[in-house]
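Each protein sequence line maps, in turn, to chains H and X. Taking our numbering, the leading residue of the first sequence gets 37, the next gets one more, and so forth. Taking our numbering, the leading residue of the second sequence gets 200, the next gets one more, and so forth. Cβ atoms here follow ideal geometry from the backbone N, Cα and C, with glycine treated the same way. No experiment lies behind these values; they were computed from the predicted model shown.
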Amino acid sequence: MTASRKLTMAQAISEAIAQEMERDAKVFVMGEDIGKYGGIFGATGGLLDKFGKDRIMDTPISETAFIGTATGAAAAGMRPIVELMFVDFFGVCMDQIYNHLAKNTYMAGGNIRLPVVLTTAIGGGYNDAAQHSQCLYATFAHMPGIKVVVPSNAYDAKGLMIQAIRDDNPVMFMYHKGIMGLPWMAYFEGSSNEVPQEPYTIAFGQAKVVREGKDATIVSISQMVQKALVAADELARQGLSAEVIDLRTLVPLDRNTVLKSVAKTGRLLIADEDYLGYGLSGEISATVAENLDTVKLKAPIKRLAVPNVPIPYSRPLEQFVIPQVGSIVDGVRKLLETRVAAALAA
Amino acid sequence: MQASKEALLWMYETMLEIRDYEETMANVYLEGKLPPHIQKGLAFDIGSGPVPGEMHLAAGQEPVAVGVCAHLKKTDTVVGTHRPHHFAIAKGVPLDRMTAEIFGKVTGLGKGKGGHMHLFDPEHNFSCSGIIGASLPPACGAGLAAKKLGKDWVAVAFFGEGAANQGSFHESLNLAALWQLPVIFVCEDNQWAISVPKSESTCVPWVADRASAYGIPGVLVANNDALEVYEAVAPLIERARRGEGPGLIEVKTDRYLGHFQGDPELYRPKDEVATLRKNDPIPKLAGVLKSLGMMTESEQGAIAARAKKRVAGAFAFARESAYPAAQDALDDVFV
Numbered sequence: 037m038t039a040s041r042k043l044t045m046a047q048a049i050s051e052a053i054a055q056e057m058e059r060d061a062k063v064f065v066m067g068e069d070i071g072k073y074g075g076i077f078g079a080t081g082g083l084l085d086k087f088g089k090d091r092i093m094d095t096p097i098s099e100t101a102f103i104g105t106a107t108g109a110a111a112a113g114m115r116p117i118v119e120l121m122f123v124d125f126f127g128v129c130m131d132q133i134y135n136h137l138a139k140n141t142y143m144a145g146g147n148i149r150l151p152v153v154l155t156t157a158i159g160g161g162y163n164d165a166a167q168h169s170q171c172l173y174a175t176f177a178h179m180p181g182i183k184v185v186v187p188s189n190a191y192d193a194k195g196l197m198i199q200a201i202r203d204d205n206p207v208m209f210m211y212h213k214g215i216m217g218l219p220w221m222a223y224f225e226g227s228s229n230e231v232p233q234e235p236y237t238i239a240f241g242q243a244k245v246v247r248e249g250k251d252a253t254i255v256s257i258s259q260m261v262q263k264a265l266v267a268a269d270e271l272a273r274q275g276l277s278a279e280v281i282d283l284r285t286l287v288p289l290d291r292n293t294v295l296k297s298v299a300k301t302g303r304l305l306i307a308d309e310d311y312l313g314y315g316l317s318g319e320i321s322a323t324v325a326e327n328l329d330t331v332k333l334k335a336p337i338k339r340l341a342v343p344n345v346p347i348p349y350s351r352p353l354e355q356f357v358i359p360q361v362g363s364i365v366d367g368v369r370k371l372l373e374t375r376v377a378a379a380l381a382a
Numbered sequence: 200m201q202a203s204k205e206a207l208l209w210m211y212e213t214m215l216e217i218r219d220y221e222e223t224m225a226n227v228y229l230e231g232k233l234p235p236h237i238q239k240g241l242a243f244d245i246g247s248g249p250v251p252g253e254m255h256l257a258a259g260q261e262p263v264a265v266g267v268c269a270h271l272k273k274t275d276t277v278v279g280t281h282r283p284h285h286f287a288i289a290k291g292v293p294l295d296r297m298t299a300e301i302f303g304k305v306t307g308l309g310k311g312k313g314g315h316m317h318l319f320d321p322e323h324n325f326s327c328s329g330i331i332g333a334s335l336p337p338a339c340g341a342g343l344a345a346k347k348l349g350k351d352w353v354a355v356a357f358f359g360e361g362a363a364n365q366g367s368f369h370e371s372l373n374l375a376a377l378w379q380l381p382v383i384f385v386c387e388d389n390q391w392a393i394s395v396p397k398s399e400s401t402c403v404p405w406v407a408d409r410a411s412a413y414g415i416p417g418v419l420v421a422n423n424d425a426l427e428v429y430e431a432v433a434p435l436i437e438r439a440r441r442g443e444g445p446g447l448i449e450v451k452t453d454r455y456l457g458h459f460q461g462d463p464e465l466y467r468p469k470d471e472v473a474t475l476r477k478n479d480p481i482p483k484l485a486g487v488l489k490s491l492g493m494m495t496e497s498e499q500g501a502i503a504a505r506a507k508k509r510v511a512g513a514f515a516f517a518r519e520s521a522y523p524a525a526q527d528a529l530d531d532v533f534v
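Structure (structure tokens):
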């Protein structure tokens with residue numbers, strides 16, 4: 037038996053980093069306010085006291101410089117973890133991320149390794165407006181060369197973080213603010229769960245069926261998984277059985293688990309907090325569409341995501357554009373009310 | 200430049216208005232964010248109450264805003280930061296519509312879409328951004344436009360000392376110097392980039408010294424004093440208006456409150472703010488006005504009452520205004 041205790045996702049992430057830093061002297065952390073402050077979202081809480089300033093390095097507000105530094109240090113044999121405070125801030129440093137970190141290994145014909153973990157906070161729901169509320173995981177998943185990890189709970193976060201640190205490739209590790217278990221932001225309590233004390237890994241590219249069901253499949257990631265689980269409870273009270281899938285990583289993407297579930301239920305709702313256009317929901321839909329020779333749909337696919345507008349500040353506007361528990365419930369109910377054309381014809 | 204009585208009184212009244220605005224906002228911001236109104240187990244909820252989201256207040260930093268904006272005309276441009284209220288007020292942004300925006304109301308500057316870090320008032324040529332270092336490039340753009348249109352307009356970019364380590368700082372100073380743009384770069388040095396002190400983020404003691412790298416004047420105001428700012432920035436603005444190019448000024452100022460409201464400030468020495476508040480620039484300017492015989496005790500009371508009334512009126516307007524309809528979220532992506 038191993039000891040486990042209930043941790044918040046922030047605690048689980050910082051524990052994972054601490055354990056890997058103890059194991060491997062090459063691991064170190066850079067970022068803004070990651071030292072004394074412990075990370076604005078708590079992902080590096082307590083690390084400065086344990087490891088000191090040489091390994092837990094507060095940086096100037098110079099993202100191009102310190103993210104590029106991570107790439108350079110990794111090429112020279114180190115294993116940096118580097119934090120971009122909000123994913124929205126990628127705008128000031130994207131060249132170092134996508135033209136260098138993401139491409140150098142390929143352009144070197146696989147001859148260099150860049151074991152960098154780039155952590156960043158995502159998500160809205162607390163009225164922080166258009167420059168501090170985006171998810172953008174699909175943006176990074178779109179561009180080849182970076183693995184994209186987006187956990188929904190503390191247990192997964194620890195295992196995925198250790199896996200990320202041990203991976204010899206760049207990994208973007210994106211945590212939603214509204215599931216970190218912060219004392220100053222409302223969060224979904226399902227995201228804090230039992231976490232074993234000892235280190236463990238969770239392989240990338242393995243989606244998890246977090247709730248089994250037979251009437252419809254809800255594919256989701258990050259905080260939206262927690263919303264989907266609450267929605268599934270409500271649907272169960274209404275007599276409907278929803279299966280909930282947590283993708284956990286977007287690169288690599290576990291398409292098989294999605295296809296298997298949709299083959300079983302015949303109905304698919306994708307619940308996503310990123311933008312609707314050209315994103316996760318389109319990718320999952322395309323995967324199913326490409327497999328309609330083996331997967332039989334009973335109803336057209338339904339997508340819930342931010343409808344291609346910047347995240348507005350005002351509460352009623354923000355609540356409207358970000359899919360909520362209620363919209364997932366309604367979405368599944370609508371799936372049950374519609375039929376694919378072939379079925380209509382038959 | 201000797202400040203006129205009119206300019207001194209304007210700076211004093213505007214500083215009072217800013218201080219009252221920020222202190223009122225600090226209180227209003229807490230409404231609905233503390234137990235028992237929030238999720239069990241939380242100490243505070245950033246997303247609750249009439250003013251949700253992050254809130255960065257500028258109490259203590261008034262001299263930077265008023266000392267610079269006292270020289271500006273409506274046609275001049277100001278680009279502010281994520282901590283923008285003092286700049287907006289000093290630039291003449293209507294308080295009612297600004298406050299309504301911060302409350303997320305349909306009567307706000309951006310119909311509730313922008314919020315506190317994203318205030319846009321094209322009529323008064325004011326804007327700001329939640330991204331560090333984002334003020335400098337658009338100020339260059341306003342300067343370029345003035346030059347191309349043959350106007351004597353100037354543009355001011357306010358930014359924090361933390362932003363002086365962003366690429367946009369260096370790129371913008373070079374560009375403005377190269378093209379001799381009428382831009383004044385104002386570094387609002389409150390010593391703290393959230394939890395990281397300037398001494399641990401910046402390789403030189405003074406950002407103003409970096410002006411020499413771009414061949415432009417660099418001026419340091421080492422005291423949080425409105426009159427000193429007013430006098431120090433005057434020649435930079437005058438030469439910019441004459442078409443003689445940009446300048447950089449750094450003002451050492453004081454942040455009385457947290458980086459954001461709700462910031463536990465565990466990184467900050469406990470007695471720091473109390474010490475800073477002893478050097479409060481508002482009573483200091485009142486003392487100057489009185490010693491010059493420009494303000495009596497009763498005039499002082501009337502000024503304070505006027506400022507408070509404007510602030511109270513703006514908050515009342517914001518509270519009474521309606522929220523936008525939810526589906527309005529889909530409008531305004533394009534015009």
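State the start and end residues of the unbroken beta strand (DSSP E) segment that holds residue i.
i                 : result
Pro-232 (chain H) : 229-232
Leu-154 (chain H) : 153-158
His-284 (chain X) : Taken as a continuous stretch (DSSP letters only), His-284 (chain X) belongs to no beta strand (DSSP E), being part of the alpha helix (DSSP H) at 284-290.
Met-93 (chain H)  : 92-94
Phe-243 (chain X) : Premise fails: Phe-243 (chain X) is in no beta strand (DSSP E) and is neither H nor E.
Thinking just about the alpha-carbon of each residue, which of the options is nearest to the one in residue i?
i                 : options                                    : result
Asp-244 (chain X) : H:Ala-54, H:Asp-164, H:Ala-79, H:Thr-155   : H:Asp-164
Leu-353 (chain H) : H:Leu-316, H:Asn-147, H:Asn-140, H:Gly-160 : H:Gly-160
Thr-330 (chain H) : H:Val-345, H:Lys-296, H:Arg-351, H:Arg-303 : H:Lys-296
Ala-264 (chain X) : X:Ala-473, X:Val-428, X:Ala-439            : X:Val-428
Pro-623 (chain X) : X:Arg-282, X:Thr-306, X:Asp-479            : Limits of chain X in this structure are 200 at one end and 534 at the other, which puts residue 623 (chain X) out of reach.
Ser-389 (chain H) : H:Ile-49, H:Met-221, H:Gly-217             : As shown, chain H starts at 37 and ends at 382. That puts residue 389 (chain H) outside it, with no answer to give.
Asp-69 (chain H)  : H:Val-123, H:Thr-105, H:Ala-79, H:Ala-325  : H:Ala-79
Ala-106 (chain H) : H:Gly-71, H:Ile-76, H:Val-153              : H:Val-153
Asn-373 (chain X) : X:Leu-343, X:Ala-410, X:Leu-271            : X:Ala-410
His-315 (chain X) : X:His-458, X:Gly-361, X:Ala-299, X:Glu-322 : X:Ala-299
Val-420 (chain X) : X:Tyr-413, X:Lys-397, X:Glu-430            : X:Glu-430
Ala-112 (chain H) : H:Pro-151, H:Gly-146, H:Met-130            : H:Pro-151
Val-524 (chain X) : H:Val-361, H:Ile-53, H:Val-368, H:Pro-348  : This sequence places Ala at residue 524 (chain X); Val is not what is there. Checking every option, the nearest Cα to that of Ala-524 (chain X) belongs to H:Pro-348.
Glu-443 (chain X) : X:Asn-478, X:Pro-251, X:Gln-379            : X:Gln-379
Asp-453 (chain X) : X:Thr-401, X:Gln-201, X:Ala-341, X:Ile-481 : X:Ile-481
Leu-289 (chain H) : H:Tyr-73, H:Gly-127, H:Ile-320, H:Glu-234  : H:Ile-320
Distance, Cα to Cα, residue i vs residue j?
i                 : j                 : result
Phe-610 (chain X) : Gly-318 (chain H) : A question about residue 610 (chain X) goes unanswered here, because the residues of chain X that appear run from 200 up to 534.
Gln-526 (chain X) : Lys-469 (chain X) : 47 Å
Gly-279 (chain X) : Glu-387 (chain X) : 10 Å
Gly-313 (chain X) : Arg-59 (chain H)  : 46 Å
Tyr-173 (chain H) : Val-186 (chain H) : 8 Å
Glu-222 (chain X) : Ala-511 (chain X) : 12 Å
Ser-311 (chain H) : Ala-206 (chain X) : Going by the sequence as given, residue 311 (chain H) is Tyr instead of Ser. In a straight line, the C-alpha of Tyr-311 (chain H) is about 49 Å away from that of Ala-206 (chain X).
Leu-484 (chain X) : Val-385 (chain X) : 21 Å
Lys-290 (chain X) : Ser-363 (chain H) : 43 Å
Gly-311 (chain X) : Ile-76 (chain H)  : 26 Å
Say yes only if the C-beta of residue i is nearer than 6 Å to one or more non-hydrogen atoms of the ligand FAD, and no if none qualify.
i                 : result
Leu-215 (chain X) : Ligands displayed in this structure: none; no statement on the ligand FAD is therefore possible.
Less than 6 Å between C-beta atoms, sequence neighbours within five positions excluded: which residues of the same chain meet that for residue i?
i                 : result
Gly-456 (chain X) : The residue asked about is misnamed: residue 456 (chain X) is Leu in this sequence, not Gly. So the list reads Leu-256, Ala-258, once near-sequence residues are dropped.
Val-287 (chain H) : Ala-177, Lys-183, Val-184
Ala-345 (chain X) : Trp-352, Pro-381
Ala-214 (chain X) : Per the sequence shown, the amino acid found at residue 214 (chain X) is Met instead of Ala. Glu-261, Val-265, Ile-481, listed in sequence order.
Ser-256 (chain H) : Ala-264, Ala-307
Keeping to the same chain, check which residues put their C-beta closer than 8 Å to that of residue i; ignore five residues upstream and five downstream.
i                : result
Glu-51 (chain H) : Leu-43, Lys-194, Val-231
Buried or exposed for residue i, going by 16 or more other Cβ atoms inside 10 Å?
i                 : result
Met-143 (chain H) : exposed
Ser-497 (chain X) : exposed
Thr-474 (chain X) : exposed
Asp-308 (chain H) : buried
Lys-347 (chain X) : exposed
Pro-251 (chain X) : buried
His-236 (chain X) : exposed
Asp-384 (chain H) : Here chain H covers residues 37 to 382 and nothing more, so residue 384 (chain H) does not appear.
Phe-533 (chain X) : exposed
With respect to the alpha helix (DSSP H) encompassing residue i, which residues constitute its N-terminal and C-terminal limits?
i                 : result
Gly-512 (chain X) : 496-519
Might you give, ordered along the chain, the residues of its own chain that have their beta carbon closer than 7 Å to the beta carbon of residue i, omitting 5 neighbours on each side?
i                 : result
Ala-528 (chain X) : none
Leu-265 (chain H) : Gly-226, Val-246, Arg-247, Val-280
Anything in the stretch 288-322 of chain H with a Cβ closer than 8 Å to a Cβ of chain A? List those residues in chain order, please. Here chain A cannot be found, since the structure's protein chains are H and X.
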